[in-house]
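**Student:**
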DNA sequence: GTCTATAGAGAGATAGAC
DNA sequence: GTCTATCTCTCTATAGAC
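Protein chains in written order, with this note's numbering: chain A, 3 to 229; chain B, 3 to 229.
(1) CB-CB under 6 Å to residue 188 of chain A, same chain, minus the five flanking residues each way: which ones, in chain order?
(2) Determine the burial state of residue 197 of chain A: buried for a count of at least 16 other Cβ atoms within 10 Å of its Cβ, exposed for fewer.
(3) Taking residue 129 of chain B as the reference, which of B:67, B:50, B:59, B:165 has the closest Cα?
(4) Within a Cβ cutoff of 7 Å, which residues of the same chain sit near residue 116 of chain A, ignoring the five residues on either side of it in sequence?
(5) Taking Cβ-Cβ distances shorter than 8 Å, what residues in chain A pair up with residue 200 of chain B?
(6) With a threshold of 8 Å between beta-carbons, can residue 144 of chain A be considered close to chain B, or not?
(7) In or out: residue 190 of chain B buried (at least 16 other Cβ within 10 Å) or exposed?
(8) Among A:166, A:94, A:29, which one has its Cα closest to the Cα of residue 108 of chain A?
(9) Specify the secondary structure class of residue 121 of chain A as computed by DSSP and reduced to three states.
(10) Along chain A, in chain order, which residues have C-beta atoms closer than 7 Å to that of residue 30 of chain B?
(11) Taking the alpha-carbon positions, what's the residue 163 of chain A to residue 195 of chain A distance?
(12) Classify residue 57 of chain A: buried if its beta carbon has 16 or more other beta carbons within 10 angstroms, exposed otherwise.
(13) Whether or not the stretch 41-58 of chain B and the stretch 13-21 of chain B are in contact is what I'm after, with contact meaning three or more pairs of Cβ atoms, one per stretch, closer than 8 Å; do they touch?
(14) List the endpoints of the continuous alpha helix (DSSP H) containing residue 36 of chain A.
(15) Ordered along the chain, which non-local residues of its own chain (more than five positions away) have a Cβ less than 6 Å from that of residue 110 of chain A?
(16) Check this for me: beta carbons of residue 169 of chain B and residue 150 of chain A, under 8 Å apart or not?
(17) How about residue 126 of chain A: is its C-beta nearer than 8 Å to some C-beta of chain B?
(18) Note down, in chain order, every chain B residue with its Cβ under 7 Å from the Cβ of residue 203 of chain A.
(19) Rounding to the nearest angstrom, what Cα-Cα distance links residue 25 of chain B and residue 32 of chain B in this structure?
(20) Since residue 70 of chain A and residue 106 of chain A are thought to touch, with beta carbons under 8 Å apart, how far apart are those beta carbons, to the nearest angstrom?
(21) Is there at least one Cβ from chain A nearer than 8 Å to residue 115 of chain B's Cβ?
(22) Counting only the same chain and skipping the five closest in sequence on each side, list residues whose C-beta sits under 6 Å from that of residue 77 of chain A.
(23) Between the C-alpha atoms of residue 136 of chain A and residue 64 of chain A, what's the straight-line distance to the nearest angstrom?
(24) Let me check understanding here. Comparing Cα to Cα, which of B:181, B:47, B:155, B:185 lies closest to residue 212 of chain B?
(25) 8 Å is my cut-off, CB to CB: does residue 180 of chain A come that close to chain B?
(26) Count the other C-beta atoms from every protein chain shown that fall within 10 angstroms of the C-beta of residue 85 of chain A, then say buried if there are 16 or more, exposed otherwise.
(27) Under 6 Å Cβ to Cβ from residue 9 of chain B, same chain only, skipping five residues before and after it: list those, please.
(28) What separation, rounded to the nearest whole angstrom, lies between the Cα atoms of residue 141 of chain B and residue 83 of chain A?
(29) Could you work out which residues of chain B lie near residue 16 of chain A, taking near to mean beta carbons separated by less than 9 Å?
(30) If we define contact as Cβ-Cβ less than 8 Å, is residue 195 of chain B a contact residue for chain A?
(31) By a C-beta neighbour count over all protein chains shown, 10 Å radius and 16 as the cutoff for buried, is residue 91 of chain A buried or exposed?
(32) Whose C-beta lies closer than 6 Å to the C-beta of residue 89 of chain B among residues of the same chain, with five residues either side of it excluded?
(33) What separation, rounded to the nearest whole angstrom, lies between the Cα atoms of residue 269 of chain A and residue 40 of chain B?
(34) Figure out for me which residue from A:87, A:157, A:22, A:121 has the closest Cα to the Cα of residue 147 of chain A.
(35) Helix, strand or coil: which one does DSSP assign to residue 142 of chain A?
(36) Out of curiosity, what's the CA-to-CA distance linking residue 201 of chain B and residue 208 of chain A?
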């Protein structure tokens with residue numbers, strides 16, 4: 003808060019500024035199209051100074067991914083580790099995921115790019131950062147409570163995770179992209195809350211924990227629009 | 003079928019071969035990282051020959067998008083134009099979407115990249131190809147049958163479309179990417195059918211046309227794992 | 001139509017001054 | 001720590017032969 007005694011030494015502040023700028027530009031343009039000069043411009047330094055902190059472009063990129071996925075793992079881990087019983091914990095984890103992407107939307111684009119980049123024979127960079135998530139889910143969802151998940155639903159967890167992840171990153175990144183005419187910010191509290199509810203509904207449906215449907219009862223074909 | 007009298011002149015065959023090779027490599031590597039030399043190698047010609055057919059890299063890229071989205075529009079249009087009543091027609095459209103992506107999976111990666119590329123101030127290339135889809139949906143879903151859709155559900159159609167699109171492209175592109183250990187081909191008939199059913203379930207739930215649930219009844223909290 | 005050869009721009013990496 | 005200067009490589013685009 004005081005300018006006379008900065009909390010962090012200059013080097014660390016610069017390093018963080020480089021990481022933040024790189025996160026934004028890698029997310030926006032992708033690895034190949036990002037120029038280190040753009041990152042430097044955004045920070046207000048020269049290109050060569052970036053190399054003082056990060057050996058090369060690859061290392062900078064990996065540092066960006068580590069920061070983004072590290073923060074995500076923290077949030078999801080906290081949600082899944084709570085003492086609640088199973089369906090509630092899964093919903094808390096999904097909610098944490100949606101909230102994190104909303105708060106740090108560049109992760110949506112970074113994930114979209116990593117997924118698109120992955121190809122047979124090309125281990126995507128993101129793989130180094132996803133293993134902790136699989137470990138976490140195995141421990142907190144499958145092994146805890148003596149395999150209670152199996153009694154809940156036979157749903158394929160990979161399939162479920164893929165659907166949730168895809169729906170959210172697409173929502174956050176694609177809405178402004180494909181509908182630029184709409185002045186619609188998917189990350190605004192109202193839209194994000196709506197998306198979270200929608201995703202949670204999908205989770206409940208796929209887990210079979212939907213319970214009695216209150217908000218939108220299924221219409222029987224009594225007076226429907228069918229011919 | 004006969005080699006002596008090829009159906010198409012050589013020029014057209016080469017042009018098509020270039021387009022197919024470019025589709026695969028743009029999908030795999032993205033626009034910036036794709037080298038025209040890679041495309042040429044795949045076709046078995048030299049880089050300069052590509053320029054004979056396509057003025058430059060941008061034009062080749064747009065031609066690829068036009069081909070991919072043109073094919074998709076054709077399939078979805080056919081499904082939505084059928085004489086069936088509304089919920090069935092929407093389901094047919096969604097099914098056509100899933101089947102098309104399964105049959106031509108490079109579209110999944112191309113869409114992922116286009117969405118990630120879109121940024122404020124940067125009209126993504128894909129926008130030129132998506133307008134016909136909006137027109138189609140407006141005509142066949144919202145205006146036809148005298149606005150029957152409004153009686154079905156208050157769901158935001160953009161939201162619904164985003165969820166479906168995201169779930170499918172993510173499923174097709176991300177499963178092999180993030181889980182390379184699994185020998186799992188998302189495009190195989192069995193997995194694709196499972197995904198189609200899952201997506202249709204989401205559609206029905208979001209449209210409120212789910213009807214009585216047969217396959218996976220909601221468990222009441224009688225004997226569940228809740229503590 | 002397809003090729004070879006080359007021009008020219010762009011951007012990452014490095015060396016070394018301050 | 002941050003800078004300037006430069007080296008080097010890659011890749012697009014073009015010109016022109018066959």
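Just so you know, even glycine gets a beta-carbon here, dropped at the ideal spot from N, CA and C.
**Tutor:** Straight from the coordinates:
(1) 173, 174, 177
(2) buried
(3) B:67
(4) 126, 127, 128
(5) 161, 165, 208
(6) no
(7) exposed
(8) A:29
(9) strand
(10) 121
(11) 19 Å
(12) exposed
(13) yes
(14) Segment: none, residue 36 of chain A is in no alpha helix (DSSP H) and carries neither H nor E.
(15) 103, 171, 174, 175
(16) no
(17) yes
(18) 207
(19) 10 Å
(20) 7 Å
(21) yes
(22) 98, 102
(23) 19 Å
(24) B:155
(25) yes
(26) exposed
(27) none
(28) 48 Å
(29) Correct list: empty, because the minimum Cβ distance to chain B is about 25 Å.
(30) no
(31) buried
(32) 211
(33) In the structure as shown, chain A begins at 3 and stops at 229. Residue 269 of chain A is therefore absent and cannot be evaluated.
(34) A:87
(35) helix
(36) 10 Å
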